[in-house]
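**Student:**
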Amino acid sequence: MIPIDKIASMHTTQSKDLPSLPKDWQAILKNTPNGPHTQAISDFLAKENQDGKIIYPPASKIFAAINAVKFNQVKVIILGQDPYHNPGQAHGLSFSVPSGIKQPPSLKNILKEIQRDLKIISSTSGDLTPWTTQGVLLLNTTLTVQAHHPASHQNKGWQSFTDAIIQQLSTQRQNLVFMLWGKHAQKKGAKIDPKKHLLLTTTHPSPLAAYRGFLGCAHFSKANQYLIQQGLTPINWQI
Numbered sequence: 407m408i409p410i411d412k413i414a415s416m417h418t419t420q421s422k423d424l425p426s427l428p429k430d431w432q433a434i435l436k437n438t439p440n441g442p443h444t445q446a447i448s449d450f451l452a453k454e455n456q457d458g459k460i461i462y463p464p465a466s467k468i469f470a471a472i473n474a475v476k477f478n479q480v481k482v483i484i485l486g487q488d489p490y491h492n493p494g495q496a497h498g499l500s501f502s503v504p505s506g507i508k509q510p511p512s513l514k515n516i517l518k519e520i521q522r523d524l525k526i527i528s529s530t531s532g533d534l535t536p537w538t539t540q541g542v543l544l545l546n547t548t549l550t551v552q553a554h555h556p557a558s559h560q561n562k563g564w565q566s567f568t569d570a571i572i573q574q575l576s577t578q579r580q581n582l583v584f585m586l587w588g589k590h591a592q593k594k595g596a597k598i599d600p601k602k603h604l605l606l607t608t609t610h611p612s613p614l615a616a617y618r619g620f621l622g623c624a625h626f627s628k629a630n631q632y633l634i635q636q637g638l639t640p641i642n643w644q645i
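Okay, so the sequence shown: first residue is 407 according to the working numbering, each after it adds one.
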């Protein structure tokens, strides 16, 4: 098993090497007991590259979520499943797409709920980067995917990696807000201490499930109310 800070030796079709993990996250994760199992990820992605498969997001963006928010500055965690699998969509932030890319259906429903909840007019942009500058960690539980094959990189080692992130946030931080949408994200809830943090759970924002709980959940106002109660600055959810 290789150390987590050596994960940069992996390859994809987009770049020779992955970027190194940010130093603060390296320090938090390198001694995590029982994982993350980065050797499995390294071997798998090397084989995908060797076979000529296209992997999203680009290698430079795989760690975009944790590059964008320092460990000690995280306030809200929004868990996605895996990156978008169509060209141009994935850029390392859960549910987000780069500016100028058409909003996917799940993201449309997220912005629709923000508009309903907070009376904020939805933006035409789907780039959620402004949230990250305020301490919102937009983390997928699986950080890569094969083009046009959703969930293709599940059970390849990323779950251990993201489990470690969530566990360390739960253990070492307090008064965080975890937004867990859908059964896949909610499974991660077992690693979070509900006595120390706020867990907000509902259905996934995809069109198949959004009308069974997500639309009307008011998670964005609830998150801000909780942050204010803890003496923290609320999130400006306007994009």
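The beta-carbon is built from N, C-alpha and C at its ideal position, and this holds for glycine as well.
1) Report the start-end ranges of each alpha helix (DSSP H) in the stretch 427–474 that is 4 residues or longer and not cut off at the edges.
2) What's the call for Y617, buried or exposed, on a 16-neighbour Cβ count within 10 Å?
3) Name the DSSP beta bridge partners of L513, please?
4) So what does H555 bridge to, in DSSP terms?
5) For the stretch 532–550 against the stretch 561–573, do three or more pairs of beta-carbon atoms, one drawn from each stretch, fall closer than 8 Å, so that the two count as touching?
6) Taking the beta strand (DSSP E) that I645 falls in, what are its first and last residues?
7) If you follow the alpha helix (DSSP H) that T577 is in, where does it begin and where does it stop?
8) If we count the other Cβ atoms within 10 Å of its Cβ and call it buried at 16 or more, is T639 buried or exposed?
9) So the alpha helix (DSSP H) G588 belongs to, where does it begin and stop?
10) Return the chain-ordered list of same chain residues with a C-beta closer than 6 Å to the C-beta of K422, the five sequence neighbours on each side being excluded.
11) In angstroms, rounded to a whole number, what distance separates the CA positions of K467 and R522?
12) Please state whether the Cβ-Cβ distance between P463 and A496 is less than 7 Å.
13) For L517 and I447, I'd like the C-alpha separation in whole angstroms.
14) Suppose contacts are defined by Cβ-Cβ distances below 7 Å. Is H559 in contact with H491 by that definition?
**Tutor:** In terms of the structure at hand:
1) 429–435, 444–456 and 470–474
2) Position 211 of the sequence shown, counting from 1, holds the residue named residue 617. Label assigned to Y617: exposed.
3) Position 107 of the sequence shown, counted from the first residue, corresponds to residue 513. Answer by DSSP bridge pairing: none, since L513 is not bridged.
4) Position 149 of the sequence shown, counted from the start, is the residue given in the question as residue 555. Q552, per the DSSP bridge assignment.
5) yes
6) Sequence index remark: in the sequence shown, residue 645 carries index 239 (1-based). That residue, I645, is in no beta strand (DSSP E); it is neither H nor E in DSSP.
7) Counted from its first residue, the sequence shown places residue 577 at position 171. Unbroken alpha helix (DSSP H) run through T577: W564 to Q578.
8) Locating residue 639 in the sequence shown gives position 233, counting from the first residue. It is exposed - the Cβ of T639 has fewer than 16 other Cβ atoms within 10 Å.
9) Numbered from its first residue, the sequence shown carries residue 588 at position 182. Unbroken alpha helix (DSSP H) run through G588: G588 to K593.
10) On the sequence shown, residue 422 is found 16 positions in, with the first residue counted as 1. Residue confidence for K422 is low, a pLDDT of 36 falling below 50, so the modelled location carries little weight and cannot support an answer.
11) Here residue 467 refers to the residue found at position 61 of the sequence shown. Here residue 522 refers to the residue found at position 116 of the sequence shown. Their Cα atoms are separated by approximately 31 Å.
12) Within the sequence shown, the letter at position 57 stands for residue 463. Within the sequence shown, the letter at position 90 stands for residue 496. Yes. Within cutoff.
13) In the sequence shown, counting from the first residue as 1, residue 517 sits at position 111. In the sequence shown, counting from the first residue as 1, residue 447 sits at position 41. Spanning the two alpha carbons is a distance of roughly 33 Å.
14) Sequence index remark: in the sequence shown, residue 559 carries index 153 (1-based). Sequence index remark: in the sequence shown, residue 491 carries index 85 (1-based). No; because the gap between Cβ atoms is not below 7 Å, this pair is not in contact.
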